[in-house]
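Enquirer:
2 protein chains.
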Amino acid sequence: MRPVEQNEVAVALDVGGTWTRAAVVDEFGKVLWRNRVATLRDQGTEALIEQLAQSVGQACDIAAPSSIRGIALGMAGPLDPRTGVLFAPPNLMEMDGVSLTQRWGDSMGAPVLVGNDATLAALGEYHYGAGQGCHTLVYITLSTGIGGGIVVDGQLLQGASGFAGEIGHTRVESNGPECGCGSRGCLEAVASGTGIARQARARVARGEASLLAAEVSSMDAIDTVDVFNAAARQDRLAQDIVGKAARGLGVGLLNVLQLLDPDLIVLGGSVSQQWPVLAPVVEAHVAEHAMNSHFRESFKVAVSPLGDDIVMLGAAALVWDTISQLSAYP
Amino acid sequence: MRPVEQNEVAVALDVGGTWTRAAVVDEFGKVLWRNRVATLRDQGTEALIEQLAQSVGQACDIAAPSSIRGIALGMAGPLDPRTGVLFAPPNLMEMDGVSLTQRWGDSMGAPVLVGNDATLAALGEYHYGAGQGCHTLVYITLSTGIGGGIVVDGQLLQGASGFAGEIGHTRVESNGPECGCGSRGCLEAVASGTGIARQARARVARGEASLLAAEVSSMDAIDTVDVFNAAARQDRLAQDIVGKAARGLGVGLLNVLQLLDPDLIVLGGSVSQQWPVLAPVVEAHVAEHAMNSHFRESFKVAVSPLGDDIVMLGAAALVWDTISQLSAYP
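Order-wise, the sequence lines are chains A and B. When we follow my numbering, the leftmost residue of the first sequence carries the number 4, and every step to the right adds one. When we follow my numbering, the leftmost residue of the second sequence carries the number 4, and every step to the right adds one.
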């Protein structure tokens, strides 16, 4: 990134299926202001776009207008980074086919940029998180879904069409559980929050013995944290599900390690908080199955220190990177 | 690559476990001279290095000394591209720990460069083969082993330590057959020439009915082509092994597709000649399991047109790329 002028800021949004977060971020990645609203769902495309415009407007009101160098939004779904058009985002279907960069054009008073949320999170991690100084960084969000981003030499690896990074849909278990994408045995089906809770609900519903059956008010109330808690109390069913999640994560991380040879893999998202529980199984898998000692020794995992700000920090980094590229090619 | 001066050539070697090929290659990727000798095995490190020096010397004698801009060797094994040191290469153990760049220094009259053979093949495919013009190219060699390389924006993706591209050791089948690397269910165990033949031998030896039992002189004589031929004649066992190889390849290619979003995947090596047999199963897997229509539609596979020259062409490309980078940073 070029050295940014003093007092320049980015307006950054993280548009998720549940929350829309907004922030004003300075050139050092310091969040000067942040806000969060429940994402307006099931009320149509126009209502959601209007809500996002309001979030942008609020952030712009906080910052001095002349200081805003760009507005960037991390969106929960695959999108074409060249056009900004979202592509059947499962948790944000209102935005299917919409490009906010095209829609808003110059009307916001600053350039509007969009990116996939997990991809931008990788950029945030590289510039402001655990990935600083990495040559090859893999960031993986273990959350409702599993997504990721790859940063090489400070540049996002976008792929030919901008859809790279879908580690959540690499297969880690032959004949594994069904995935939301329609396939089976994807990392997301085995190790995401949704996947872990879904397996527990299905198996309790089938009558398997578990502490979970007694402790929750209804089957639908079983969530991922319940499963990890039950596993900690030696519940067999919960231990089995957590064990499979950890082994699936072991397979997925080793595949990525040997394909991309990163210096660091950073995990973010709610399930990454369970890394101390998952790590022994994942590390044992890598120790046993890595093809040689280089990969055994170079396997390093960190949990993101950036918390809920990560996508917004990545969006801010996108603003600074874009300005830098524009000024490099005047 | 920078425009290369007229009459400049590269001396390029492909050092494999079976053959060592040498060539003189001009700036347009035209092979002006080529030669092949059986790689000297089991006679120690010094004997092999001496043989390689002779191959280099022969090629240098063919070209005018002043025209040689570099000497590059593609080596069958993992190596550190910064130092050139080979790292426990299973098919070239004589070279473990050796760096020809360090060993030969300036004594050859031109800079000496080394690279992993499959990685250099990707570069050859990008500059002179089916991958020309690709933004993100994945090259995979299906041969004795399975290796690969990734080229993004004309640059090899090396990873943090230069070991990226090991697609052969991504897992494609839980509890799959044992792999030479010590793990199980690797793409290499399921779909390499060695893996296919090894499975056939083991199952025939266990007494499974097959045309293969009658047709070959000894169990050890069953090779990959025999298995594909028997499958074509409806032999059940051979069809089962070929089917598993194709499904494994489907899983491996879809993983890579969704992780890297390449515009093209190029297959090389002897088993790639069987692509017409494998393709229907691979394509059906991708059609059924891709996470969305972008990946279904962007899945494109080509068989390399470069044949046995591919690694040498990649080595030549490494020479031109290196000259270009040196002249960019004087």
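Cβ coordinates follow ideal geometry from the N, Cα and C atoms, glycine included.
Taking CB distances under 8 Å as the criterion, tell me whether Gly168 (chain B) reaches chain A.
Expert: Chain A contact via Cβ: present.
Enquirer: Measure the alpha-carbon distance for Gly77 (chain B) versus Leu262 (chain A) and round it to whole angstroms.
Expert: Using only the alpha carbons, I get a separation of about 19 Å.
Enquirer: By Cβ distance, which residues of its chain are closer than 8 Å to Ala212 (chain A), with the 5 residues on each side in sequence left out?
Expert: Contacts found: Arg239, Leu240.
Enquirer: The alpha helix (DSSP H) with Thr139 (chain B) in it runs from where to where?
Expert: Per DSSP, Thr139 (chain B) belongs to no alpha helix (DSSP H); it is in the beta strand (DSSP E), 139-145.
Enquirer: Hey, is the region 212-228 of chain B in contact with the region 172-189 of chain B, meaning 3+ C-beta pairs nearer than 8 Å?
Expert: No contact exists between the region 212-228 of chain B and the region 172-189 of chain B.
Enquirer: Mind checking which residues open and close the alpha helix (DSSP H) that includes Leu76 (chain A)?
Expert: First-last for Leu76 (chain A): 71-78, but that is the beta strand (DSSP E), not the alpha helix (DSSP H).
Enquirer: Could you tell me if Ala15 (chain A) is buried or exposed, where buried requires 16 or more neighbouring beta carbons within 10 angstroms of its beta carbon?
Expert: It is buried - the Cβ of Ala15 (chain A) has at least 16 other Cβ atoms within 10 Å.
Enquirer: Can you grab the Cα-Cα spacing for the pair Ser70 (chain B) / Met294 (chain B), in whole Å?
Expert: Looking at the two C-alpha atoms, the distance is approximately 51 Å.
Enquirer: Inspect the beta-carbon positions of Gly162 (chain B) and Glu191 (chain B) and report whether they are closer than 8 Å.
Expert: No.
Enquirer: Kindly indicate if chain A contains any beta-carbon less than 8 Å away from that of Leu123 (chain B).
Expert: Chain A, which has no Cβ nearer than 8 Å to the Cβ of Leu123 (chain B), makes this no.
Enquirer: Quick check on this structure: which residue in A:Ser186, A:Ala318, A:Asp264, A:Ser177 has the alpha carbon closest to the alpha carbon of Gly188 (chain B)?
Expert: It is A:Ser177.
Enquirer: Report all residues from its chain with a CB closer than 8 Å to the CB of Leu35 (chain B); omit the five preceding and five following residues, and keep chain order.
Expert: So the qualifying residues of the chain are Val12, Ala26, Val27, Val28, Asp29, Ile65, Ala66.
Enquirer: How far does the beta strand (DSSP E) with Leu342 (chain B) in it extend, from its first residue to its last?
Expert: This structure leaves residue 342 (chain B) out entirely; chain B is present only between 4 and 333.
Enquirer: Write down every uninterrupted run of the alpha helix (DSSP H) in the region 232-311 of chain A whose length is 4 residues or greater and which is fully enclosed by it, in chain order.
Expert: Whole alpha helix (DSSP H) segments, 4+ residues: 239-263, 278-292, 296-301.
Enquirer: Compare the C-alpha of Ser186 (chain A) against each of B:Val274, B:Asn119, B:Met111, B:Leu257 and name the closest.
Expert: The option with the nearest alpha carbon to Ser186 (chain A) is B:Leu257.
Enquirer: Would Leu263 (chain A) pass as an interface residue toward chain D - the criterion being a Cβ-Cβ separation below 8 Å?
Expert: Among the protein chains in the structure shown, which are A and B, there is no chain D.
Enquirer: Checking contacts by CB at 8 Å: is Asn258 (chain A) closer than that to chain B?
Expert: Cβ-Cβ to chain B under 8 Å: yes for Asn258 (chain A).
Enquirer: Could you check whether the Cβ of Val155 (chain A) sits closer than 8 Å to any Cβ belonging to chain B?
Expert: Output row for Val155 (chain A): interface = yes.
Enquirer: Within the same chain, show all residues whose beta-carbon is closer than 7 Å to that of Phe298 (chain A), passing over the 5 residues directly before and after it, in chain order.
Expert: These residues qualify, in order along the chain: Leu260, Gln261.
Enquirer: Mind checking if Ser327 (chain A) is an interface residue toward chain B, Cβ cutoff 8 Å exclusive?
Expert: Closer than 8 Å: no.
Enquirer: How big is the Cα-Cα spacing for Ser164 (chain A) and Asp264 (chain B)?
Expert: Taking the straight line joining both Cα atoms gives about 7 Å.
Enquirer: Which residue wins for smallest C-alpha separation from Asp324 (chain B), given the options B:Glu218, B:Trp278, B:Gly118?
Expert: Of the listed residues, the one whose Cα sits closest to Asp324 (chain B) is B:Gly118.
Enquirer: Give me the residue from B:Ala79, B:Val284, B:Trp278 with the minimum Cα distance to Glu169 (chain B).
Expert: Of B:Ala79, B:Val284, B:Trp278, the residue nearest in Cα terms is B:Ala79.
Enquirer: If you draw a straight line from the alpha carbon of Ser102 (chain A) to that of Gly87 (chain A), how long is it in whole angstroms?
Expert: Roughly 5 Å between the two C-alpha positions.
Enquirer: Trp22 (chain B): buried (16+ other C-beta within 10 angstroms of its C-beta) or exposed?
Expert: The residue is exposed, with fewer than 16 neighbouring Cβ atoms inside 10 Å.
Enquirer: Exposed or buried, Asn10 (chain A), counting other C-beta atoms within 10 Å across all chains shown (16 or more means buried)?
Expert: It counts as exposed.
Enquirer: Mind checking who Asn38 (chain A) pairs with in its DSSP beta bridge?
Expert: Looking at the DSSP assignment, Asn38 (chain A) forms a beta bridge with A:Ala25.
Enquirer: Would you please verify whether the beta carbon of Leu159 (chain A) is less than 8 Å from any beta carbon of chain B?
Expert: Chain B, which has no Cβ nearer than 8 Å to the Cβ of Leu159 (chain A), makes this no.
Enquirer: List the residues of chain A whose Cβ lies closer than 8 Å to the Cβ of Pro81 (chain B), in chain order.
Expert: Residues of chain A passing the Cβ test: Asn295, His297.
Enquirer: By the three-class DSSP mapping on this structure, what secondary structure does Ile170 (chain B) have?
Expert: Reduced to three states, the DSSP call for Ile170 (chain B) is helix.
Enquirer: Would you mind telling me which residues of chain B sit closer than 7 Å to His130 (chain A), beta carbon to beta carbon, in chain order?
Expert: Per Cβ cutoff of 7 Å: no residues; His130 (chain A) is ~17 Å from chain B at best.
Enquirer: Apply the 10 Å Cβ neighbour rule to Pro68 (chain B) and answer buried if 16 or more other Cβ atoms are within range, or exposed otherwise.
Expert: It counts as exposed.
Enquirer: Taking Cβ positions only, does Thr42 (chain A) come closer than 8 Å to chain B?
Expert: By this cut-off, Thr42 (chain A) is not an interface position.
Enquirer: When DSSP labels each residue in this structure, what does Gly179 (chain A) get in the three-state scheme?
Expert: Residue state, collapsed to three classes: coil.
Enquirer: At which residue ranges does the region 45-69 of chain A contain complete alpha helix (DSSP H) runs of 4 or more residues, listed in the order of the chain?
Expert: DSSP runs (the alpha helix (DSSP H)) wholly in the region 45-69 of chain A: 48-65.
Enquirer: Determine the DSSP secondary structure at Ala212 (chain A), reduced to helix, strand or coil.
Expert: If DSSP states are grouped into helix, strand and coil, Ala212 (chain A) belongs with coil.
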